[in-house]
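Line by line, the protein sequences give chains A and B. Residue 175 in our numbering is what sits at position 161 of the first sequence, and the numbering runs on without skipping anything. Residue 166 in our numbering is what sits at position 152 of the second sequence, and the numbering runs on without skipping anything. Ideal placement from N, C-alpha and C gives every residue a C-beta, glycine not left out. Remember, predicted model here, so these are calculated numbers, not experimental data. The structure appears right after this line, and notes come after that.
There are 2 protein chains.
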Amino acid sequence: MKIAILGTGSVGGILGRRWAQLGHTIRFGSRLPTSEKVLQLVADCGPSTRGTTWHEAITDSEVILLAIPWPATQEALGELGDLGGRVLIDATNPLTADFSGIELGHTTSAAEQIADWAPTARVVKAFNSASTKVMADPVFGDHRASMFYCGDDLPAKAMVRELVTGLGFDPIDAGPLTSARYIEPLAMLYIHLAFKQGWGSNCAFEVLKR
Amino acid sequence: MKIAILGTGSVGGILGRRWAQLGHTIRFGSRLPTSEKVLQLVADCGPSTRGTTWHEAITDSEVILLAIPWPATQEALGELGDLGGRVLIDATNPLTADFSGIELGHTTSAAEQIADWAPTARVVKAFNSASTKVMADPVFGDHRASMFYCGDDLPAKAMVRELVTGLGFDPIDAGPLTSARYIEPLAMLYIHLAFKQGWGSNCAFEVLKR
């Protein structure tokens with residue numbers, strides 16, 4: 015797939031590297047596409063990867079990974095304009111400035127808000143509930159970390175599922191986009207365990223079945 | 015431990031049965047302690063178990079399991095009055111009447127609301143994020159279901175942890191009571207997977223570590 019990654023932080027970086035290794039074509043969209051950080055990231059990903067402006071990154075893509083900080087999200091989507099039906103993977107969490115909580119209530123979610131701000135995109139929530147260490151390697155012995163995803167557009171979800179599976183995650187379809195109301199707090203729980211309870215980021219959620 | 019279980023539905027029933035088997039002393043508090051349902055439950059649990067009024071159940075207990083429907087909770091706690099520092103395990107979820115969502119936002123939780131309504135109890139959130147099938151048997155092959163719990167009183171949490179562990183769960187300390195804001199949505203995610211996505215209730219969350 016042709017994937018535009020908006021955000022060159024830790025989430026965008028690790029997913030870009032891994033997807034590039036798997037043969038996907040990556041365009042990193044950045045405010046500073048010729049900065050040392052972006053050039054290094056592109057070099058890590060190999061010859062088919064490039065760093066460009068946001069608009070260029072999107073133009074040629076089927077899938078957009080939104081991995082920028084929540085406070086920048088509304089303005090970014092306004093600036094991007096028409097997304098022409100592209101799949102938009104929302105990996106944000108609407109954390110408060112001090113990371114102590116979530117800004118939006120159970121009556122909505124970042125994903126739904128984003129769908130409202132980007133009416134021409136097909137939004138799927140995913141990649142918001144595991145650390146980048148786990149994204150780098152979701153295998154835990156004979157088990158795999160689960161990755162929850164949700165959205166209202168079935169073909170878009172099927173594409174995201176393929177991306178999730180390709181990384182080695184156990185993909186968990188959590189239903190419609192409104193389920194982001196539950197997946198976003200799950201990320202808060204993860205953050206709490208990893209950073210407040212001392213688990214570190216080498217832990218992950220799995221859904222056990224029998 | 016001497017445990018009062020308020021609520022003789024599926025959660026109270028399974029936890030009472032299993033704790034009784036483990037040698038804990040159970041008092042089922044019920045509006046109808048001589049009803050056929052309660053008598054059957056008591057018979058299942060063995061000779062040291064009794065069904066009584068709510069007040070009698072509590073009088074002699076160290077720990078109270080609150081396993082009544084959320085809409086009945088405020089009135090019940092008002093009626094119970096002074097809880098004298100007892101540990102109150104809150105297993106509720108503040109579900110809306112049609113089970114489609116959670117009534118309370120990320121700025122609070124059922125657990126915190128309950129702590130406010132029951133200022134003389136030490137509230138610990140637990141047992142709200144797994145099905146009764148999983149409570150009956152938390153073992154999945156060589157893995158165990160995780161049970162998240164949180165609260166502000168450390169000795170109370172240590173007691174609850176012992177109860178969680180005794181059932182065979184992997185106990186996960188999720189921190190202060192405010193973490194209920196994340197554990198309650200986790201239950202909604204569970205409900206969604208089990209009943210909307212077709213997983214059924216023989217699934218559970220585990221936190222993987224490495």
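Do you know how far the Cα of residue j is from the Cα of residue i?
i	j	result
A:GLY92	B:PHE162	39 Å
A:ARG41	A:PRO133	23 Å
B:ILE82	B:GLN88	11 Å
B:ALA159	A:TRP131	38 Å
A:LEU168	A:GLN54	36 Å
B:ARG224	B:TRP84	37 Å
A:SER24	B:VAL178	36 Å
B:ALA34	B:LEU46	21 Å
A:LEU79	B:ALA144	32 Å
A:ALA135	A:GLY155	37 Å
A:ALA170	A:PRO190	12 Å
A:GLU4	B:GLY26	In the structure as shown, chain A begins at 15 and stops at 224. Residue 4 of chain A is therefore absent and cannot be evaluated.
A:SER215	A:THR22	20 Å
B:GLY212	B:ASP74	42 Å
A:LEU97	A:ALA194	21 Å
B:LYS210	A:GLU50	47 Å
A:THR122	A:VAL56	36 Å
A:ALA105	B:ILE205	23 Å
B:LEU36	B:GLY60	11 Å
B:VAL153	A:VAL153	20 Å
A:THR67	A:ALA90	12 Å
B:ASP151	A:ASP151	30 Å
Taking Cβ positions, are residue i and residue j nearer each other than 8 Å?
i	j	result
B:LEU200	A:PRO199	yes
B:GLU220	B:ASP184	yes
A:LEU94	A:ILE128	no
A:ASP58	A:ARG31	yes
B:VAL138	B:GLY165	yes
B:SER62	B:VAL52	no
A:GLU76	A:MET15	yes
A:PHE141	A:ILE197	no
B:THR146	B:ILE17	no
A:TYR207	A:CYS217	One point to set straight first is that residue 207 of chain A is Leu, not Tyr, in the sequence displayed. It is a contact, given that the beta carbons lie within the stated cut-off.
B:VAL101	B:MET173	yes
A:HIS38	B:HIS157	no
Here's the rule: buried if 16 or more other CB atoms are within 10 angstroms of the residue's CB, otherwise exposed. What is residue i?
i	result
B:ALA124	buried
A:GLY181	Correcting the residue identity first, residue 181 of chain A is Leu in this sequence and not Gly. The residue in question, A:LEU181, is buried, as its Cβ has 16 or more Cβ neighbours within 10 Å.
A:THR48	exposed
B:LEU20	buried
A:GLU126	buried
B:GLY65	buried
B:ALA86	exposed
A:THR192	buried
Where does the unbroken alpha helix (DSSP H) through residue i begin, and where does it stop?
i	result
A:PRO169	168-180
A:ASP58	50-59
B:VAL203	According to the sequence shown, residue 203 of chain B is Leu rather than Val. B:LEU203 -> alpha helix (DSSP H) spans 194-205.
A:MET149	146-150
B:SER24	24-35
B:ALA71	68-73
Locate the beta strand (DSSP E) running through residue i, then write down its first and last residues.
i	result
B:ILE78	77-80
A:ASP130	Looking at the DSSP string, A:ASP130 is not in any beta strand (DSSP E); the run it does join, the alpha helix (DSSP H), is 124-131.
A:ALA218	217-223
A:LEU97	Looking at the DSSP string, A:LEU97 is not in any beta strand (DSSP E), and its letter there is neither H nor E.
A:ARG41	39-43
A:MET15	Taken as a continuous stretch (DSSP letters only), A:MET15 belongs to no beta strand (DSSP E), as it is neither H nor E.
B:GLY165	160-165
B:LEU102	101-104
A:LYS139	136-139
B:PRO185	184-187
At a Cβ cut of 9 Å, what residues of the region 176-187 of chain B count as close to chain A, listed as they run along the chain?
-> Answer in chain order: ILE186, ASP187.
If contact means a Cβ-Cβ distance below 9 Å, which residues of the region 80-96 of chain B contact chain A?
-> Across the region 80-96 of chain B, no CB contact with chain A closer than 9 Å is found for any residue.
Quick one: which residues of the region 200-218 of chain B get their C-beta closer than 8 Å to a C-beta of chain A? List them in chain order.
-> Within the region 200-218 of chain B, the residues whose Cβ lies closer than 8 Å to some Cβ of chain A are LEU200, MET202, LEU203, HIS206, LEU207, LYS210, GLN211, TRP213, ASN216, CYS217, ALA218, listed in chain order.
Where the region 157-177 of chain B meets chain A: residues whose CB sits under 8 Å from a CB there | Answer in chain order: HIS157, ALA159, PHE162.
What residues from the region 30-64 of chain B come within 7 Å of chain A, judged by C-beta to C-beta, listed N to C?
-> Within the region 30-64 of chain B, no residue qualifies.
Could you run through the region 137-155 of chain B and flag, in chain order, every residue whose CB is less than 8 Å away from some CB of chain A?
-> If the cut-off is 8 Å between Cβ atoms, the region 137-155 of chain B has PHE154, GLY155 near chain A.
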